[in-house]
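Worksheet: one structure, shown below.
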Amino acid sequence: MIKRSFIAASILVSTAFSLSAQTEIKNIKKHITFLASDKLKGRGTSSEGEEKAAQYIADYFKKLKLEPMGSITTNGQRYKVAIPSYFFDFTFKKNPNPHDTNTANIVERKGKNVVAFLNNGAAHTIVIGAHFDHLGLGHDYNSLDANPEGKIHNGADDNASGTAGVLELARYYSTNNVKEKYNFLFMTFSGEELGLLGSKKWCDNPTYPLEKINYMVNMDMVGRLNDSTKKLIIYGVGTAPEFVDLIDKTNYLGQKFPTGDSFESRTIFSIKKDSAGIGPSDQTSFYLKDIPVLHFFTGQHSDYHKPSDDADKINYPGEKMVLDYITQFVTATEALPKLKFTATKTQETKSTKFKVTLGVMPDYAYEGKGMRIDGVSNGKPAAKAGLEKGDIVTKLGETVVDNMESYMKALSVYQKGDKATVKVLRKDKEQEFEVEF
Ligand SMILES: [Zn+2]
Numbered sequence: 084m085i086k087r088s089f090i091a092a093s094i095l096v097s098t099a100f101s102l103s104a105q106t107e108i109k110n111i112k113k114h115i116t117f118l119a120s121d122k123l124k125g126r127g128t129s130s131e132g133e134e135k136a137a138q139y140i141a142d143y144f145k146k147l148k149l150e151p152m153g154s155i156t157t158n159g160q161r162y163k164v165a166i167p168s169y170f171f172d173f174t175f176k177k178n179p180n181p182h183d184t185n186t187a188n189i190v191e192r193k194g195k196n197v198v199a200f201l202n203n204g205a206a207h208t209i210v211i212g213a214h215f216d217h218l219g220l221g222h223d224y225n226s227l228d229a230n231p232e233g234k235i236h237n238g239a240d241d242n243a244s245g246t247a248g249v250l251e252l253a254r255y256y257s258t259n260n261v262k263e264k265y266n267f268l269f270m271t272f273s274g275e276e277l278g279l280l281g282s283k284k285w286c287d288n289p290t291y292p293l294e295k296i297n298y299m300v301n302m303d304m305v306g307r308l309n310d311s312t313k314k315l316i317i318y319g320v321g322t323a324p325e326f327v328d329l330i331d332k333t334n335y336l337g338q339k340f341p342t343g344d345s346f347e348s349r350t351i352f353s354i355k356k357d358s359a360g361i362g363p364s365d366q367t368s369f370y371l372k373d374i375p376v377l378h379f380f381t382g383q384h385s386d387y388h389k390p391s392d393d394a395d396k397i398n399y400p401g402e403k404m405v406l407d408y409i410t411q412f413v414t415a416t417e418a419l420p421k422l423k424f425t426a427t428k429t430q431e432t433k434s435t436k437f438k439v440t441l442g443v444m445p446d447y448a449y450e451g452k453g454m455r456i457d458g459v460s461n462g463k464p465a466a467k468a469g470l471e472k473g474d475i476v477t478k479l480g481e482t483v484v485d486n487m488e489s490y491m492k493a494l495s496v497y498q499k500g501d502k503a504t505v506k507v508l509r510k511d512k513e514q515e516f517e518v519e520f
């Protein structure tokens, strides 16, 4: 028998611990180990591995007793209430052979997002999202491996890490006994590697009112924090006026610091900020609906989009730091009214293939003929020429534009300073514009 007071004390200790719940390294590790295992064969969109990953995520949301916030389509109609489901299915058209440009061989394929809601009875909601699909066996993606086809691309960092982040934050927010001033929409997207398909489909057919969303936090590749530099890249900091200040103010871990401790000495991350709302991941889809967004990213590495992006290379304590930082950031925004959306300039994507840019965001989910413009960046050639969101580019210079591939081919011949005529369909009417690159 042990002393009564000792039992009482240990109960107190354990209660206190569960009240101040924290994100846990062991959970992050468990999720990534499963999602990036060979069993899931790289979680390619429309594959059996995608299916297994989606089920794993849905089962976890169910275990946390979160509200299903998906919807299913039957005969082209989308239903939400009939059968409550965490799955949000979608279809898209794609040629199974990426090297085949014959449009006759394009087939309809399926994908699914997984969506859950934590209702805290609050007026506004924070979206915590990440894509869970990856390159599968490398067949129809931009694998950077010399000989990728047939090799499993496990995508531990890209993006089992972000998916694990969503799952762990879902657990944290639904068990921490703190009534947050927000509701949370936990979303994992498929089809990201094929062009942000899942997030875009959801934003175009939302199962939750977009106007109630305060801002969206996207995690894509958060598993490779460098322990010495602690570099953390955050995209989208220009999409709400409050972001930059709060990002700096909450850049420490742990609520209490010794008095007299300088701000610099308690700073955790070396943060590289990028203002653009349009970026290489799913936050773009929300930004294009005028929602403030932030994308957290621990940086590029040599295993990116290669079969070697494996679970044993993940910095698990580093990812926990990123998650804890996100929770501190979210808490800091609770003191503020709903954030105001601010449009931003688009960041230049460095590509060796193109010497010029039109300055548009293509709609990768568009299934018709041509290249539909989903967003136009201020001050870039397309905007200067008068092109608008919704325009469908059908011809660029002498090249007929049938799809993304022919658009990129048409763009690749231009040099800075060149001029070209762009033919577009605007509200079914053909119009021509002169662009200068
Ligand atoms: Zn990727």
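First residue of the sequence shown? That's 84 in our numbering, and the numbers climb one at a time after it. Built from N, CA and C at the ideal position, the CB exists for glycine as well. Fair warning: this is a prediction, and the values are worked out from it, not measured in the lab.
Rounded to the nearest angstrom, what separates residue 297 and residue 274 at their Cα positions?
24 Å
Examine the Cβ distances between the segment 170-185 and the segment 233-247 and report whether three or more of them are shorter than 8 Å.
no
Check: residue 52 C-beta below 8 Å from any heavy atom of ligand 1
Within the shown structure, residues of the chain are numbered from 84 to 520, placing residue 52 beyond reach of any answer.
Quick check for students: name the residue ranges of the alpha helix (DSSP H) that lie wholly in the segment 251-330, counting only runs of 4 or more.
280-287
With a 10 Å radius around its C-beta and 16 neighbouring C-beta atoms as the bar for buried, classify residue 419 as buried or exposed.
exposed
beta-carbon residue 275 near ligand 2 non-hydrogen atom, thresh 8 Å:
By its list of ligands, the structure shown excludes ligand 2, since it contains just ligand 1.
Going along the chain, which residues of its own chain have a beta-carbon closer than 6 Å to the beta-carbon of residue 443, five neighbours each way excluded?
Cβ neighbours of residue 443 beyond the five flanking positions: 456, 459, 465.
For residue 210, name the three-state secondary structure that DSSP assigns.
Shown here, residue 210 sits in a strand according to DSSP, grouped into three states.
At a cut-off of 8 Å, would you count residue 222 as near ligand 1, judging by its Cβ distance to the nearest heavy atom?
Checking every heavy atom of ligand 1 against the Cβ of residue 222, none is found closer than 8 Å.
If you reduce the DSSP assignment to three classes, tell me which class residue 114 lands in.
helix
With the cut-off set at 9 Å, would you say residue 248 and residue 299 are in Cβ contact?
no
Would the beta-carbon of residue 303 be found less than 8 Å away from any heavy atom of ligand 1?
yes
Beta-bridge pairing of residue 404 - partner residues as DSSP gives them:
As computed with DSSP, residue 404 is found in no beta bridge at all.
Under DSSP, the beta strand (DSSP E) around residue 367 begins and ends at which residues?
Where residue 367 is concerned, there is no enclosing beta strand (DSSP E), although the alpha helix (DSSP H) it sits in stretches over 366-370.
Leaving out five residues before and five after residue 452 in sequence, what residues of the same chain have Cβ atoms less than 6 Å from its Cβ?
485
Given a cut-off of 9 Å on the beta-carbon distance, is the pair residue 513 and residue 477 in contact?
yes
Could you please give the first and the last residue of the uninterrupted alpha helix (DSSP H) stretch that includes residue 487?
487-494
Going straight from the alpha carbon of residue 375 to that of residue 195, what length do you get?
24 Å
Looking only at its chain, what residues have a beta carbon closer than 6 Å to the beta carbon of residue 123, apart from the 5 residues adjacent to it on each side?
132, 135, 136
Taking the alpha carbon of residue 370 as the reference point, which residue from 413, 404, 120, 423 has its own alpha carbon closest?
423
Measuring only from the beta carbon, is residue 280 closer than 8 Å to any heavy atom that is part of ligand 1?
no
CB residue 281 to CB residue 220, shorter than 9 Å?
no
Look at the Cβ atom of residue 198, then the Cβ atom of residue 171, and state whether they are nearer than 9 Å.
yes
Would you mind reading off the limits of the beta strand (DSSP E) that contains residue 189?
From DSSP, residue 189 is part of no beta strand (DSSP E); its letter is neither H nor E.
Where residue 386 and residue 511 are concerned, what is the direct C-alpha to C-alpha distance, given to the nearest angstrom?
45 Å
If you reduce the DSSP assignment to three classes, tell me which class residue 509 lands in.
strand
With distances taken Cα to Cα, identify the nearest neighbour of residue 350 among 446, 357, 332, 360.
Among 446, 357, 332, 360, the Cα nearest to that of residue 350 belongs to 332.
Between the Cα of residue 417 and those of 304, 326, 492, 490, spot the shortest distance and give me the residue it belongs to.
326
Suppose only complete runs of 4+ residues qualify. What are the alpha helix (DSSP H) ranges in the segment 417-476, listed by chain order?
464-468
Using only alpha-carbon positions, find the residue among 415, 362, 305 that is nearest to residue 335.
415
Ends of the alpha helix (DSSP H) at residue 140?
131-146
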